[in-house]
Amino acid sequence: MENTSNKEEQNNQDDSDSEVDEVEPRLKYVRMRNDLEHILQNDAASCIAVHPKFLCLGSYWGTIHLLDHQGNNIQSNSLQTHAVAVNQISIDHNGDFVASCSDDGKVFIFGLYSTQNNHKMSMGRLVKSIAIDPNYYKSGSARRFITGDDKLVLYEKTFLSRMKLTVLSEAEGGVKSVAWSGHFVAWASDTGVRVYDLNARCSLGLIRWPRSTDALPEYYRCNLRWSDDRTLLIGWVDIVRICQIRKRSIQEMVNRDLPEYAVDPVSTFKVDFYISGIAPLENQLVLLGCVKELDANGKSQRPTVHVVEPMYEDFSLVCANSLTLRGYKEYSCNDYHLDCLKEENRFFIVSPKDIVVASLYDANDKIEWLLSHGKFEQALEAVTVNNGKDCKKYTLVNVGRVYLDHLLASEKYDEAGKLCLKILGKDKQLWEEEVSLFFFFKLLLVSFANVTNIILLQVYKFARVHQLRSISSYLPRGNVKLEPLIYEMVLYEYLIMDPDGFLQLIKEWSPELYNVATVVNGILEHLLVHQQPNAALLEALTILYIHDGKYDRALAMYLKLKHGGVFEFIRQYKLYDTVHDMIERLIDLNPERAIQFLVEKESLEKVPPDIVVQKLQHNHRYLYLYLDALDNNGTIDSKDKYHGLLVPFYAEYSRNKLLPLLRRSDNYPIQQALDICSQRKFYPEMVYLLGRIGNTSEALALMTRELNDIESAIAFCQEHNDEELWNDLIDYSLDKPKAITFLLQRIGTYVDPRLMVQKIKPSLEIPGLKNALVKMLCDYNLQVSVQEGCNKTLSNDYFNLHEKLVKCHQKGILIDDDQMCVACNNKIIVREPRNLVVFYSKHTFHEHCLPDLKIVDSVICNSHVNM
Numbered sequence: 067m068e069n070t071s072n073k074e075e076q077n078n079q080d081d082s083d084s085e086v087d088e089v090e091p092r093l094k095y096v097r098m099r100n101d102l103e104h105i106l107q108n109d110a111a112s113c114i115a116v117h118p119k120f121l122c123l124g125s126y127w128g129t130i131h132l133l134d135h136q137g138n139n140i141q142s143n144s145l146q147t148h149a150v151a152v153n154q155i156s157i158d159h160n161g162d163f164v165a166s167c168s169d170d171g172k173v174f175i176f177g178l179y180s181t182q183n184n185h186k187m188s189m190g191r192l193v194k195s196i197a198i199d200p201n202y203y204k205s206g207s208a209r210r211f212i213t214g215d216d217k218l219v220l221y222e223k224t225f226l227s228r229m230k231l232t233v234l235s236e237a238e239g240g241v242k243s244v245a246w247s248g249h250f251v252a253w254a255s256d257t258g259v260r261v262y263d264l265n266a267r268c269s270l271g272l273i274r275w276p277r278s279t280d281a282l283p284e285y286y287r288c289n290l291r292w293s294d295d296r297t298l299l300i301g302w303v304d305i306v307r308i309c310q311i312r313k314r315s316i317q318e319m320v321n322r323d324l325p326e327y328a329v330d331p332v333s334t335f336k337v338d339f340y341i342s343g344i345a346p347l348e349n350q351l352v353l354l355g356c357v358k359e360l361d362a363n364g365k366s367q368r369p370t371v372h373v374v375e376p377m378y379e380d381f382s383l384v385c386a387n388s389l390t391l392r393g394y395k396e397y398s399c400n401d402y403h404l405d406c407l408k409e410e411n412r413f414f415i416v417s418p419k420d421i422v423v424a425s426l427y428d429a430n431d432k433i434e435w436l437l438s439h440g441k442f443e444q445a446l447e448a449v450t451v452n453n454g455k456d457c458k459k460y461t462l463v464n465v466g467r468v469y470l471d472h473l474l475a476s477e478k479y480d481e482a483g484k485l486c487l488k489i490l491g492k493d494k495q496l497w498e499e500e501v502s503l504f505f506f507f508k509l510l511l512v513s514f515a516n517v518t519n520i521i522l523l524q525v526y527k528f529a530r531v532h533q534l535r536s537i538s539s540y541l542p543r544g545n546v547k548l549e550p551l552i553y554e555m556v557l558y559e560y561l562i563m564d565p566d567g568f569l570q571l572i573k574e575w576s577p578e579l580y581n582v583a584t585v586v587n588g589i590l591e592h593l594l595v596h597q598q599p600n601a602a603l604l605e606a607l608t609i610l611y612i613h614d615g616k617y618d619r620a621l622a623m624y625l626k627l628k629h630g631g632v633f634e635f636i637r638q639y640k641l642y643d644t645v646h647d648m649i650e651r652l653i654d655l656n657p658e659r660a661i662q663f664l665v666e667k668e669s670l671e672k673v674p675p676d677i678v679v680q681k682l683q684h685n686h687r688y689l690y691l692y693l694d695a696l697d698n699n700g701t702i703d704s705k706d707k708y709h710g711l712l713v714p715f716y717a718e719y720s721r722n723k724l725l726p727l728l729r730r731s732d733n734y735p736i737q738q739a740l741d742i743c744s745q746r747k748f749y750p751e752m753v754y755l756l757g758r759i760g761n762t763s764e765a766l767a768l769m770t771r772e773l774n775d776i777e778s779a780i781a782f783c784q785e786h787n788d789e790e791l792w793n794d795l796i797d798y799s800l801d802k803p804k805a806i807t808f809l810l811q812r813i814g815t816y817v818d819p820r821l822m823v824q825k826i827k828p829s830l831e832i833p834g835l836k837n838a839l840v841k842m843l844c845d846y847n848l849q850v851s852v853q854e855g856c857n858k859t860l861s862n863d864y865f866n867l868h869e870k871l872v873k874c875h876q877k878g879i880l881i882d883d884d885q886m887c888v889a890c891n892n893k894i895i896v897r898e899p900r901n902l903v904v905f906y907s908k909h910t911f912h913e914h915c916l917p918d919l920k921i922v923d924s925v926i927c928n929s930h931v932n933m
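Letter 725 of the sequence shown, counting from 1, is numbered 791 in the numbering used here, and no numbers are missing.
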């Protein structure tokens, strides 16, 4: 097929393929030329049939031309078969036989390689359509074909090569078109479309076509196309229908005289143009159509090709193109034809004087269209996804450079810089070429060493021309590195125009990309010229000192800047020994982080608490924060020795921590703590401290008189279990009716309630006295019951144990031959009978060895003697 990419054809759309819309097309169009041009100069195309091997073009002069897909004749002579225009051509599946019909009433079947099964028949009437059996080429087939005129007739070869004629249907208004696939045949008449099952020899039903007064179906060609053996595409007038042939279920056919197959509509929708052809494209449809309205001169408008995605009762337009075919102003809907090669997704669009071949856009076409329409991002994405598989003309680099030129012309420098990273990748040579063209850095050999000499000259040039900052984020910084000068130039522009951006680059970029000493000198000279210290530049200078190994200068700069990174810096480079004289300055910088830093394990080893306490002794607030954090650090053993300092600090800064400290620690002077609490009137703390030193009466007095907390007072008395404290508490409560009530309810289980009841004035009115007395008596009775139960249990245990002891004493004691007399050290058992003395301690004696039992030293032996 000839490509229309030459310059002349691109400039003359009337002589090329199509108009280009802003919506990306799916199809590209190429006009068929070669021998076809000579054919159409003297004749006109009336129909077409396409096979993967060749195509057959029927003309108005009744000739059938056999052409290849580029428009070249493949036979020396055309087939002069008919006297008038060819109405329809049909080709079998293998491309061996061609069938044609015409208004001259003749039907021809001729073989391209054999004449054995050729037929030349005269019907004596107008034959509008013909369809040859797809399996006509097979020797075992019946060599069948179908013709359509006022009825649908099947012709098949029988015994002795006779031709049998079978009328399949009497069509109402005549057969308009026929399409054959497998054992199904579809044809159209004035009333609608029928599908016929050749195996069952029955019709599967009529698909009636809607009639409109504006466009009657009989005046328009019905376009039938099988997309597969079971799917029928119909385009007639301005309605598209997709029908699916399915096999009926057993349940549908039980007790019903129905065909084995049924035709179900899958999709039906209406378009706004007259349909001249229909063809499948993957899951979409290609529709060739004519605009319904005429132009201003009353002439026909250009035909259109629509790619649509069908839905149930609607469709979605994918793209549409208007075709400039020769003589289109004189043609109507029925003058155009559409045929296709489904396997190749190629479409042949035929008008009487022109043929255009449409095919899917390939990767090169897609990218070319995107570039020509300024859709650079989509073009770049397309070439990236393709990755050179099907795209030979375009690469990521050349498409990216076109896009880059566009961005530079539009002054979109940030986007251009980002694009460089994508298209140049890690190719050092490409980077240096682009950077040299983009920034002219070879013409401006600028370095930090002579900033002061050219500062006024170059600032304007960088701001107006170079836009170095736009590409800074995308310069290669990994294994591939550019010349140090390029990075130094970028840093220079940031130094002059964006100090914060300069600092960010210093943080991100490896010092291996540039000369650190040169950049440091540039910063110092810049600061010297402007005499205005900038925090971002000072911090950048600090980082550069670190890169250069000058940690002492870096630490000094951090402290000068009061930068929070000083703590990480000290940890990273182990500079603990250098912070002894700057502890207070570190806390000034960030008290929370500084205190946390000082109480870390590694810091405590290098900066002991004694040193910190000494350095902070004049700053009580900081010392309090440090000692508090130190006390909360559970890994320190010696922290208790600072509790004496913490007591006054807690009293001043955090009283809620004071009492817990007093309770858990013994490492503070109690009297000093008591004095501090007394001065500040911290009564709960005073109560605890007075209790610790044994001054319980004063502690109880504080609770009752100052705190007025009778419940805590009761708990205090319970804790110390002192009768005198209970008497003091009772005396305190005698003139307070509410306190009496509360006390009566609580003391019943601890003291004899009569002590309190006897002291209450008879005339005193006490609220809730009855309930309090009941509670008190219940508690007292409970206490008495418990005591009685305890005594009874104790008595039982006493007698049980005594009985056990008596039984134990009554047991015999074993004496064997191995035992010795403790006094004479001879065996205790001898031949002559002797009395023995055995003590409870198991000491055994001969009786004559103990003239006087009082001399036995053993207390057990003296108190327990068994004979």
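Think of the CB as a built atom: it goes at the ideal place given N, C-alpha and C, for glycine as much as any other residue.
With residue i as the anchor, note down where its beta strand (DSSP E) starts and where it stops.
| i | result |
| --- | --- |
| residue 312 | 305–313 |
| residue 274 | 268–274 |
| residue 151 | Premise fails: residue 151 is in no beta strand (DSSP E) and is neither H nor E. |
| residue 783 | Premise fails: residue 783 lies in the alpha helix (DSSP H), 776–786, not in any beta strand (DSSP E). |
| residue 218 | 218–223 |
| residue 260 | 258–263 |
| residue 327 | 327–336 |
In this structure, how does DSSP classify residue i when only helix, strand and coil are distinguished?
| i | result |
| --- | --- |
| residue 588 | helix |
| residue 377 | coil |
| residue 97 | strand |
| residue 206 | coil |
| residue 461 | coil |
| residue 362 | coil |
| residue 889 | coil |
| residue 914 | helix |
| residue 648 | helix |
Rounded C-beta distance between residue i and residue j? I'm assuming under 8 Å.
| i | j | result |
| --- | --- | --- |
| residue 366 | residue 375 | The Cβ separation is near 28 Å, so there is no contact. |
| residue 164 | residue 128 | About 14 Å separates the two Cβ atoms, so there is no contact after all. |
| residue 665 | residue 620 | Actually they are not in contact, since the Cβ atoms of residue 665 and residue 620 sit about 25 Å apart, beyond 8 Å. |
| residue 879 | residue 904 | 6 Å |
Nearest CA to the CA of residue i: which residue from the options?
| i | options | result |
| --- | --- | --- |
| residue 119 | 133, 113 and 111 | 133 |
| residue 370 | 581, 246 and 341 | 341 |
| residue 16 | 108, 311 and 423 | Limits of the chain in this structure are 67 at one end and 933 at the other, which puts residue 16 out of reach. |
| residue 912 | 228, 900 and 435 | 900 |
| residue 144 | 199, 543 and 124 | 124 |
| residue 150 | 138, 166 and 728 | 166 |
| residue 575 | 564, 631, 543 and 886 | 543 |
By how many angstroms is the C-alpha of residue j removed from the C-alpha of residue i?
| i | j | result |
| --- | --- | --- |
| residue 429 | residue 463 | 16 Å |
| residue 916 | residue 889 | 8 Å |
| residue 298 | residue 226 | 36 Å |
| residue 522 | residue 598 | With a pLDDT of only 28 at residue 522, under the threshold of 50, the placement of this residue in the model should not be trusted, and no figure is reported. |
| residue 400 | residue 286 | 6 Å |
| residue 907 | residue 871 | 15 Å |
| residue 444 | residue 284 | 47 Å |
| residue 406 | residue 279 | 32 Å |
| residue 672 | residue 662 | 15 Å |
| residue 472 | residue 437 | 11 Å |
| residue 372 | residue 358 | 15 Å |
| residue 197 | residue 465 | 50 Å |
| residue 277 | residue 302 | 11 Å |
| residue 393 | residue 263 | 41 Å |
| residue 719 | residue 737 | 20 Å |
| residue 107 | residue 94 | 25 Å |
| residue 476 | residue 469 | 11 Å |
| residue 712 | residue 782 | 27 Å |
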